[in-house]
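I have placed the structure first, in the form of structure tokens, so that the comments after it can refer back to it.
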Amino acid sequence: MIITICSTKGGVGKTTLTASLGAILADFGRRVLLVDADPQPTLSSFFNLAHQAEYGLVEFLVQTESSGFISRTEIERLDLIYSNDPEGQLRDWIRDAVDGRVRLKHLLNRLDYDIILVDTQGAVGPLQDAAVAAADLLLTPIPPEILSAREFVRGTLDMLERLKPMALLGAPIGPMRGLIYRMDRTLDARQIAAELRSASYGPSKGAITILDTVIPATVVYRESATHKTPPHRLERHRKGPTPSALESMTSLARELFPDLPEVLEASHG
Ligand SMILES: Nc1ncnc2c1ncn2[C@@H]1O[C@H](COP(=O)(O)OP(=O)(O)O)[C@@H](O)[C@H]1O
Ligand SMILES: [Mg+2]
Numbered sequence: 487m488i489i490t491i492c493s494t495k496g497g498v499g500k501t502t503l504t505a506s507l508g509a510i511l512a513d514f515g516r517r518v519l520l521v522d523a524d525p526q527p528t529l530s531s532f533f534n535l536a537h538q539a540e541y542g543l544v545e546f547l548v549q550t551e552s553s554g555f556i557s558r559t560e561i562e563r564l565d566l567i568y569s570n571d572p573e574g575q576l577r578d579w580i581r582d583a584v585d586g587r588v589r590l591k592h593l594l595n596r597l598d599y600d601i602i603l604v605d606t607q608g609a610v611g612p613l614q615d616a617a618v619a620a621a622d623l624l625l626t627p628i629p630p631e632i633l634s635a636r637e638f639v640r641g642t643l644d645m646l647e648r649l650k651p652m653a654l655l656g657a658p659i660g661p662m663r664g665l666i667y668r669m670d671r672t673l674d675a676r677q678i679a680a681e682l683r684s685a686s687y688g689p690s691k692g693a694i695t696i697l698d699t700v701i702p703a704t705v706v707y708r709e710s711a712t713h714k715t716p717p718h719r720l721e722r723h724r725k726g727p728t729p730s731a732l733e734s735m736t737s738l739a740r741e742l743f744p745d746l747p748e749v750l751e752a753s754h755g
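Numbered per our numbering, the sequence shown spans residues 487 to 755.
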């Protein structure tokens with residue numbers, strides 16, 4: 487199962503979400519691979535590495551190396567293909583290669599993981615296209631405070647519409663799950679969810695589903711990056727009315743993967 491975390495905007499929380507979701511799925515016993523498809527390698531250094539591979543995304547994609555590109559994070563069962571394309575040259579390579587936009591999909595499908603999570607840059611371009619085309623499912627964080635429902639739906643539908651012909655190349659664009667992300671306690675989550683659902687229902691004909699889980703805006707997600715530790719390991723108990731990171735991330739993981747085990751495999755903190 488390949489999930490690409492994407493958005494037509496930057497700074498909405500894609501990388502934090504990718505890292506947090508990957509880590510909790512690994513703690514639930516799943517074998518997870520993170521793929522950093524952003525030239526700014528934020529995901530690549532989100533966690534400490536137990537093993538740094540010789541190669542990264544460039545060699546994986548361009549030379550189709552058969553080994554040497556899997557790094558291991560300090561978190562058990564959580565691996566990484568790091569980004570090593572600071573100049574953004576992959577973009578041009580993907581654009582010019584005959585199989586450019588579908589190669590990532592085919593190469594990732596060869597790998598033996600339960601779940602692969604691909605983080606993207608949040609800027610339209612060939613690398614983002616390749617990451618979206620690779621996905622069985624698209625996950626998009628929606629910031630309730632800066633985007634109106636219509637703006638989100640329009641931008642996202644434009645992207646899905648533009649990539650529709652990928653189906654002819656054997657890479658049909660997967661269904662999309664919208665996640666209300668960085669929810670402010672002063673806002674009404676249910677009202678925003680209802681607005682998003684009604685805005686995305688008609689034109690997309692169900693292409694976008696808004697998840698029931700809502701991820702709050704709390705400092706633990708920022709501390710997670712600072713401490714290089716998954717938020718659910720940092721904060722396991724509810725503080726006041728806001729759900730803990732453990733509760734929020736478990737809810738999200740279960741909504742995406744209903745067959746997860748009852749309890750976390752790894753117990754920390
Ligand atoms: N749930 C959250 N609550 C509060 N801050 C968050 C949350 N998720 C992410 N952030 C912060 O928002 C900023 C942007 O997040 P990031 O994951 O880098 O976004 P993107 O990858 O979309 O550019 C970072 O400073 C991050 O720590
Ligand atoms: Mg990012």
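Quick reminder that beta carbons are idealized off the backbone N, C-alpha and C, glycines included.
Quantities reported herein were computed from a predicted structural model and do not represent experimental measurements.
CB contact flag (residue i, residue j, <8 Å)
i	j	result
Thr490	Ala620	yes
Leu643	Asp615	no
Val700	Met669	yes
Check: residue i C-beta below 7 Å from any heavy atom of ligand 1
i	result
Thr502	yes
Ser493	yes
Arg668	yes
Ser497	Sequence inspection shows Gly at residue 497; the Ser mentioned does not correspond to that position. The answer is yes for Gly497.
Arg708	yes
Ala703	yes
Ligand 4 heavy atom lying under 7 Å from the CB of residue i
i	result
Asp524	Among the ligands modelled here, namely ligand 1 and ligand 2, ligand 4 does not occur.
Simplified DSSP state of residue i, which is helix, strand or coil
i	result
Thr528	coil
Gly608	coil
Pro651	helix
Gly497	coil
Val588	helix
Gly664	strand
Met487	coil
Ile678	helix
Val521	strand
Gly755	Low per-residue confidence applies at Gly755: pLDDT is 45, beneath 50, and the placement is therefore not dependable, though the value from the model is reported in the following sentence. Coil, per DSSP.
Ile580	helix
Leu623	strand
Ile659	coil
Ala603	Reading the sequence as shown, one finds Leu at residue 603 and not Ala. Strand at Leu603.
Residue i Cβ short of 7 Å to ligand 2 heavy atom set
i	result
Thr712	no
Thr626	no
Quiz item: What alpha helix (DSSP H) runs, 4 residues minimum, are completely inside the segment 689-738?
Solution: 705-713 and 717-720
Quiz item: Can you list the beta strand (DSSP E) stretches of 3 or more residues lying completely in the segment 530-568, in chain order?
Solution: 535-537, 557-559 and 564-567
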